[in-house]
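Down below is the structure, laid out as structure tokens.
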Amino acid sequence: MGYILFTVYVLPFLVAFVLAWKKNVALYIALAGCTLLASWALVAMYVTMVFGFLLPWVLLWYVACKMQTSRAHGETSQ
56 MGYILFTVYV LPFLVAFVLA WKKNVALYIA LAGCTLLASW ALVAMYVTMV FGFLLPWVLL
116 WYVACKMQTS RAHGETSQ
């Protein structure tokens, strides 16, 4: 995961810094924009991974709670 973070986020900043050092401002701005988009894509990937991992557990907990409460109400009404 560290390699993905370095390739997507850190490496473009290093390249942009070198380009800015050589006074090529147009390429620096374009690369900074690409880096910003890549960082948003990285955030979206992490959010998707977290939700993809947690969502089944949350749904399972919700269904278990619903079954528990419906079973409790069913026993009291009899």
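Each residue of the sequence shown is one higher than the last, beginning at 56 in the working numbering.
Idealized CB from N, CA, C, for every residue including glycine.
According to the Cβ coordinates, are residue i and residue j closer than 8 Å?
i	j	result
Leu74	Leu92	no
Phe72	Thr90	no
DSSP three-state label for residue i, please.
i	result
Lys77	coil
Tell me the rounded alpha-carbon separation between residue i and residue j.
i	j	result
Val98	Leu115	26 Å
Tyr101	Trp112	17 Å
Trp76	Val65	17 Å
Ala45	Leu109	This structure cannot speak to residue 45, because the chain is shown only from 56 to 133.
Trp95	Met122	39 Å
Gly107	Val70	33 Å
Ala119	Thr103	24 Å
Val105	Ile84	32 Å
Of all the alpha helix (DSSP H) runs that stay within the bounds of the region 92–132, which reach a length of 4 or more residues? The DSSP assignment places no complete run of the alpha helix (DSSP H) inside the region 92–132 (cut-off: 4 residues).
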